[in-house]
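If you read the sequence shown in full-length UniProt numbering, its first letter stands for residue 1, the second for the next number, and so on.
Ideal Cβ placement from N, Cα and C applies to all residues, glycine included.
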Amino acid sequence: MDGLIILDKNNRPIIQTAFRTLPPSYPLLHIDAFTSASEKNGSAVDPVLYVDSGENSVCCHRSAGGLHILCPVRGDVDPLFAFSFLEVVVQILQEYLGELSTASLKDNFDVVYQLLEEMLDEGYPLTTESNALRDIVIPPSLLNKILAATGVSGLSAATPAPFSSPIPWRKSGLRYNNNEIYFDIIEELEATVGRNGNVVASNVWGRVACKSSLSGTPDLSFSLSNSKAMHDYSFHPCVRLQKFLQTKQLSFVPPDGNFTLLTYQLPIPSPNPAAPPPLPVHLKSDVSLHERGGAFEITVTARSSKMLENVRVEFKLGDSATGAECTHTGSGGQSAGGGFGALSVNGGSVRWGYDPQTKVLKWEIPSLTNMAQTLKGSFTSSDEAPRPSRSFIVTFEIPQHSLSMAKIDQLRISGESYKPYKGVRSSVQGRVEYRW
1 MDGLIILDKN NRPIIQTAFR TLPPSYPLLH IDAFTSASEK NGSAVDPVLY VDSGENSVCC
61 HRSAGGLHIL CPVRGDVDPL FAFSFLEVVV QILQEYLGEL STASLKDNFD VVYQLLEEML
121 DEGYPLTTES NALRDIVIPP SLLNKILAAT GVSGLSAATP APFSSPIPWR KSGLRYNNNE
181 IYFDIIEELE ATVGRNGNVV ASNVWGRVAC KSSLSGTPDL SFSLSNSKAM HDYSFHPCVR
241 LQKFLQTKQL SFVPPDGNFT LLTYQLPIPS PNPAAPPPLP VHLKSDVSLH ERGGAFEITV
301 TARSSKMLEN VRVEFKLGDS ATGAECTHTG SGGQSAGGGF GALSVNGGSV RWGYDPQTKV
361 LKWEIPSLTN MAQTLKGSFT SSDEAPRPSR SFIVTFEIPQ HSLSMAKIDQ LRISGESYKP
421 YKGVRSSVQG RVEYRW
């Protein structure tokens, strides 16, 4: 990796690292390549762009908070290496600045520049742990800004010396009145269902996110139930990998604050072709096309013991679509119609609408049970042969639920005399494509 370049939403450079061994035109060529691709493809820019710089280079990029972060790469380097580093850069900047935006970068230009120099040294990631960086680069605060504006100095004695902790990811001397740690088991389901109702592809990606507020240097350990069903683990550096491989116990000294303890993947077994797909939501559709338009009927039902929340069904009606009319029928036979409308169901408001810019019909259901919800409608098109999308996209959330049935067993602590409070919650986020 040759360096980093941060652009604003108009693709104007805000800050960049020093490209010491390369000509001044090198970063400009990568900015021009990204700008040209953005103007041509909008937001659908390829994540890796070839740049004709004479150096056999590519431009890897990531967007966050209206900013574009570019990472020029030369030679035989895996792009995933660059994207992993870009993800860390975004996380660190968000921890330091809160909301990531052009204004926050310009207001804390000196801090951002120091962070970039500490995180990337001559093309190699150097210090990427938040707690280690906080010992080197002091986070911006209102008090620091006021003192700097008034010319007050001599405050460095109050800050710890760089690398004062023997553990890179944890500060030394931490003290809290309430010692507590929270675990979020978050699982994301992605699946595709074919026209015959069979699951074509499905995967579950999970992660255990933590928020630690513990005094001293506690050594924690616990077991994750049903871990045998999981695979493709990825751990935070604090986890003792060898112990996990031997005993399936997670043993670690946690970082302070927010961090991701581990990620994993959970395959959903392929069902019998005659059986319904083992998904939390089921969609049945009937679409018919005619000259300059079409008609559709969509029925969704929950197939989970838990209630589904924030259910959204999207159906792109085609680039030539000009409008849509819908009628919703909920449980109990209630109905409402029109081009845009709402119906109160289960204490929430079911809404639907057509976006003339994106040509997408959106149907929002705040809560979904095993009682069917149906949307009937028709759409018009400027083409004689309309070409709507061949699939419906269903997204949903299931709070307090885990597809892997993962649970955190008793939390054990050593090295400290207190007993921390442990909070655990789980949630599922799903995205299913139903083809018709």
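What do you reckon, are the CB atoms on residue i and residue j nearer than 9 Å?
i	j	result
Cys210	Asp232	no
Leu279	Leu368	no
Ser130	Phe252	no
His236	Lys306	no
Phe109	Met1	no
Gln265	Val199	no
Thr322	Thr358	no
Arg170	Pro254	yes
Gln114	Ile136	yes
Glu122	Ser404	no
Gly3	Cys71	yes
Gly353	Ala295	no
Pro79	Arg62	no
Lys407	Ser202	no
Asp256	Ile413	no
Ile365	Glu314	no
Leu289	Val208	no
Phe85	Thr21	no
What first and last residue would you give for the alpha helix (DSSP H) that runs through residue i?
i	result
Arg134	130-136
Gln114	109-119
So the candidates are the options; which of them puts its Cα closest to the Cα of residue i?
i	options	result
Arg431	Asn310, Pro23, Ala229	Asn310
Gly415	Ala132, Asp286, Ile408, Leu214	Leu214
Leu67	Leu49, Phe34, Asp76, Glu314	Phe34
Pro140	Gly377, Pro125, Gln94	Gln94
Gly216	Arg74, Thr21, Ile167	Ile167
Trp436	Val287, Gly318, Val428	Val287
Leu19	His30, Lys9, Asn10	The residue asked about is misnamed: residue 19 is Phe in this sequence, not Leu. With distances taken between Cα atoms, Phe19 lies closest to His30.
Ser234	Ser221, Leu250, Ser389	Leu250
Asn10	Pro27, Pro24, Ser38, Ser25	Ser38
Phe222	Pro23, Ile6, Leu411, Ser426	Leu411
Phe83	Leu97, Pro388, Cys60, Lys40	Cys60
Asp319	Tyr26, Arg240, Leu361	Leu361
Return the first residue and the last residue of the beta strand (DSSP E) that residue i is part of.
i	result
His249	The sequence shown places Gln at residue 249, not His. Residues 249-252.
Lys422	421-435
Lys228	Taken as a continuous stretch (DSSP letters only), Lys228 belongs to no beta strand (DSSP E), as it is neither H nor E.
Val204	199-213
Trp363	360-368
Ala372	Neither: Ala372 is in no beta strand (DSSP E) and is coded neither H nor E.
Asp400	For clarity, residue 400 is Gln in the given sequence; the question names Asp instead. No beta strand (DSSP E) contains Gln400, which DSSP labels as neither H nor E.
residue 476	Within the shown structure, residues of the chain are numbered from 1 to 436, placing residue 476 beyond reach of any answer.
Ala302	293-302
Tyr264	257-267
Asn10	Counting along the chain, Asn10 falls outside any beta strand (DSSP E), and DSSP gives it neither H nor E.
Would you say residue i reaches chain D, if we count a Cβ-Cβ gap shorter than 9 Å as a contact?
i	result
Leu262	Absence of chain D from the displayed structure is noted, only one protein chain being present.
query: If you pair each beta-carbon of the stretch 289-300 with each one of the stretch 240-248, do three or more pairs fall below 8 Å?
result: Three or more beta-carbon pairs separated by less than 8 Å are not found between the stretch 289-300 and the stretch 240-248, which leaves the two stretches without contact.
field: Cβ contact (3+ pairs, closer than 8 Å) linking the stretch 322-332 and the stretch 367-383
entry: Contact holds: three or more Cβ-Cβ distances are below 8 Å.
query: Touch check for the stretch 180-195 and the stretch 415-425: three-plus C-beta pairs under 8 Å?
result: The stretch 180-195, when compared against the stretch 415-425, does touch it at the 8 Å Cβ threshold.
field: Stretch-stretch touch, CB-based, cutoff 8 Å, three pairs: the stretch 5-21 with the stretch 91-109
entry: With the cut-off at 8 Å, the stretch 5-21 and the stretch 91-109 touch.
message: Any contact between the stretch 189-205 and the stretch 168-178? By contact I mean 3 or more CB pairs, one from each, below 8 Å.
response: Cβ pair count under 8 Å is below three, so no.
query: Considering only residues of the stretch 35-78, which uninterrupted beta strand (DSSP E) runs meet the minimum length of 3 residues and lie entirely inside it, listed in chain order?
result: Within the stretch 35-78, the complete beta strand (DSSP E) segments at least 3 residues long are 48-51, 57-64, 67-74, listed from N- to C-terminus.
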